[in-house]
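Note sheet for the following structure.
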Amino acid sequence: VDMSTALGAVPIPSPVLTASGCSAFGRELEPFVDLTAIGAVVTKSVQLRPRSGRPTPRMAETPSGMLNSIGLQGPGIDGLLDGELPWLAERGARAFVSIAGVRVEDFAELATRLRGVPGVAGLEVNISCPNVESRGEVFACDPVAASDVVAAVRAAADPAQPIYAKLSPDVTDIVSVARAVVDAGADGLSMINTLLGLVIDPDTMKPLLGGITGGLSGPAIRPVALRCVWQVHAALPEVPILGMGGIRSGLDALQFVLAGASAVSVGTAVFNDPSALGRIHAELAAALETRGFASLREAVGYAHR
Ligand code: RRO
Numbered sequence: 001v002d003m004s005t006a007l008g009a010v011p012i013p014s015p016v017l018t019a020s021g022c023s024a025f026g027r028e029l030e031p032f033v034d035l036t037a038i039g040a041v042v043t044k045s046v047q048l049r050p051r052s053g054r055p056t057p058r059m060a061e062t063p064s065g066m067l068n069s070i071g072l073q074g075p076g077i078d079g080l081l082d083g084e085l086p087w088l089a090e091r092g093a094r095a096f097v098s099i100a101g102v103r104v105e106d107f108a109e110l111a112t113r114l115r116g117v118p119g120v121a122g123l124e125v126n127i128s129c130p131n132v133e134s135r136g137e138v139f140a141c142d143p144v145a146a147s148d149v150v151a152a153v154r155a156a157a158d159p160a161q162p163i164y165a166k167l168s169p170d171v172t173d174i175v176s177v178a179r180a181v182v183d184a185g186a187d188g189l190s191m192i193n194t195l196l197g198l199v200i201d202p203d204t205m206k207p208l209l210g211g212i213t214g215g216l217s218g219p220a221i222r223p224v225a226l227r228c229v230w231q232v233h234a235a236l237p238e239v240p241i242l243g244m245g246g247i248r249s250g251l252d253a254l255q256f257v258l259a260g261a262s263a264v265s266v267g268t269a270v271f272n273d274p275s276a277l278g279r280i281h282a283e284l285a286a287a288l289e290t291r292g293f294a295s296l297r298e299a300v301g302y303a304h305r
């Protein structure tokens, strides 16, 4: 089975990528994963300046998924350009760099700094982090705010680097947000970011996470993510989708492909199984072959036909 696909116009050998935030910048995966064989390392969202994030505890496991209130912890763009991106490029790995900011200009400046950087296959524009100071900062909850960010990034970014807007499931009409960011110049869509949730500690009887609410990931959100991919592919069949949300197996990944995703990100599953990416690639290839597909591309959106 031909498993090759693309991020925008950039070809990649595998449709299986890391998910932003779940494998940092790729270093700790190296013992378990051939970083050149996976589609790309999607980095933890980077901002203009280093940040320590929200108070701990900031991760909680629930029976159906994981809740996080990390709060954009990271080295900042200088740390990424000096350390992590050269490390990935030396290994021949592709980086899909997630960028985040509080103001539209933050995103544009990040895109400018990343122009022409070796190994950067594209940008994931994170407009949907749930762990920000106010809901008003979740650009992806408003089509106008979302398209303002994407238009600024498209204007500033390297034309050779595709930009994917990362959407939030916490909206009433994800298709209208998708249309707005595509009209503003997004080459693709990443769906979905975590779903806003809450865990209360029965002993202290208080919210467990330092950030109070957090983003839910893992198997609990898989049907929500799949529904988002389905609705957006039905409305915008030509737009590439990077699908994610609770993918743990090749058959999970297959569902996203059949719904319309041309690539998938695997996040939470990596915490239990660091070698999940290679396993899911192999399982997806086998599942496609069993169903008579000669290539991944033939299966994209098949469930709609
Ligand atoms: O860092 C975080 O708290 C975080 C981010 Br930026 C995001 O996009 N999604 C998430 O669940 N957590």
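Numbered according to this note's numbering, the sequence shown terminates at residue 305, and the numbering increases by one at each position without gaps.
Just so it is clear, CB atoms sit at the ideal spot from N, CA and C, and this is done for glycine as well.
Give me the DSSP bridge partner(s) of residue 189. On the sequence shown, position 189 is the one that residue 189 refers to. Partner(s): 165, 241.
Span of the beta strand (DSSP E) around residue 12: For the purposes of this step, residue 12 is identified with residue 12 of the sequence shown, where counting begins at 1. Taken as a continuous stretch (DSSP letters only), the beta strand (DSSP E) holding residue 12 covers 10-12.
Give the straight-line distance between the Cα atoms of residue 186 and residue 209, rounded to the nearest whole angstrom. Taking the first residue of the sequence shown as position 1, residue 186 is located at position 186. Taking the first residue of the sequence shown as position 1, residue 209 is located at position 209. Approximately 34 Å between the Cα atoms of the pair.
Give the DSSP bridge partners of residue 263, in chain order. Counted from its first residue, the sequence shown places residue 263 at position 263. BP columns for residue 263 point to 242.
Use the C-beta contact count for residue 118: other C-beta atoms within 10 angstroms, 16 or more gives buried, fewer gives exposed. The sequence position of residue 118 within the sequence shown is 118, counting from 1. Looking at its Cβ environment, which holds fewer than 16 other Cβ atoms inside 10 Å, residue 118 is exposed.
Check whether residue 15 and residue 254 have beta carbons under 8 Å apart: Residue mapping note: residue 15 aligns to position 15 of the sequence shown, counting from 1. Residue mapping note: residue 254 aligns to position 254 of the sequence shown, counting from 1. For residue 15 and residue 254, no; Cβs fall outside 8 Å.
Considering just the uninterrupted stretch of the alpha helix (DSSP H) at residue 176, what are its terminal residues? Here residue 176 is taken as the residue at index 176 of the sequence shown, counted from 1. Here the alpha helix (DSSP H) through residue 176 covers 174-183.
Residue 67 to residue 52, Cα distance in whole Å? Walking along the sequence shown from the start, residue 67 turns up at place 67. Walking along the sequence shown from the start, residue 52 turns up at place 52. Each residue's CA atom was taken as its position, placing residue 67 and residue 52 some 18 Å apart.
How should residue 200 be labelled, buried or exposed, when 16 other C-beta atoms within 10 angstroms of its C-beta is the threshold for buried? Along the sequence shown, read from residue 1 onward, the residue named residue 200 stands at position 200. Residue 200 comes out exposed.
Looking at residue 130 and the ligand RRO, is the gap between the Cβ and the nearest heavy atom below 7 Å? Here residue 130 corresponds to residue number 130 of the sequence shown, with the count starting at 1. Yes, since a heavy atom of the ligand RRO falls inside the 7 Å radius drawn around the Cβ of residue 130.
Between the segment 214-226 and the segment 275-285, do three or more beta carbon pairs fall short of 8 Å? no
I'd like to confirm something about residue 272: is its beta-carbon nearer than 7 Å to some heavy atom of the ligand GTP, or not? For the structure depicted, the ligand GTP is absent and the ligand set comprises only the ligand RRO.
Using the Cβ count rule (16 or more neighbours within 10 Å means buried), how would you classify residue 197? For the purposes of this step, residue 197 is identified with residue 197 of the sequence shown, where counting begins at 1. Classification of residue 197: buried, given that the 10 Å Cβ count is 16 or more.
Should residue 144 go down as buried or exposed, given a rule of 16 or more other Cβ atoms within 10 Å for buried? Taking the first residue of the sequence shown as 1, we reach residue 144 at position 144. Exposed.
Does the Cβ of residue 134 lie closer than 7 Å to at least one heavy atom of the ligand RRO? Residue 134 sits at position 134 when you count from the first residue of the sequence shown. A distance criterion of 7 Å places the beta-carbon of residue 134 beyond contact range of the ligand RRO, judged by its closest non-hydrogen atom.
Distance check for residue 88 and residue 107, CA to CA, integer angstroms please. As a working mapping, residue 107 is identified with position 107 in the sequence shown. As a working mapping, residue 88 is identified with position 88 in the sequence shown. So the two alpha carbons sit approximately 22 Å from each other.
Taking only three categories from DSSP, how would you classify residue 95? The residue you call residue 95 lines up with position 95 of the sequence shown. If DSSP states are grouped into helix, strand and coil, residue 95 belongs with the strands.
Can you give, in chain order, each stretch of the beta strand (DSSP E) that sits fully within the segment 80-144 and has at least 3 residues? 95-99, 120-126
If you check the beta carbons only, do residue 50 and residue 26 fall under 8 Å apart? Within the sequence shown, numbered from 1, the residue matching residue 50 stands at position 50. Within the sequence shown, numbered from 1, the residue matching residue 26 stands at position 26. No, they are not a contact pair.
Assuming residue 149 contacts residue 104 (C-beta within less than 8 Å), just tell me the rounded distance between them. In the sequence shown, residue 149 corresponds to position 149, counting from 1. In the sequence shown, residue 104 corresponds to position 104, counting from 1. About 5 Å separates the two Cβ atoms, so the contact holds.
Among 160, 305, 288, 184, whose alpha-carbon lies nearest the alpha-carbon of residue 230? Within the sequence shown, residue 230 is the residue found at index 230, counting from 1. Comparing Cα positions, the closest option is 305.
So the beta strand (DSSP E) residue 62 belongs to, where does it begin and stop? Locating residue 62 in the sequence shown gives position 62, counting from the first residue. Residue 62 -> beta strand (DSSP E) spans 59-62.
When burial is assigned at 16 or more other CB atoms within 10 Å of the CB, is residue 217 buried or exposed? Here residue 217 corresponds to residue number 217 of the sequence shown, with the count starting at 1. Result: buried.
Examine the ligand RRO and report whether any of its heavy atoms sits within less than 7 Å of the Cβ of residue 215. Reading the sequence shown from its first residue, position 215 is the one you call residue 215. Because some heavy atom of the ligand RRO lies under 7 Å away, the Cβ of residue 215 counts as near it: yes.
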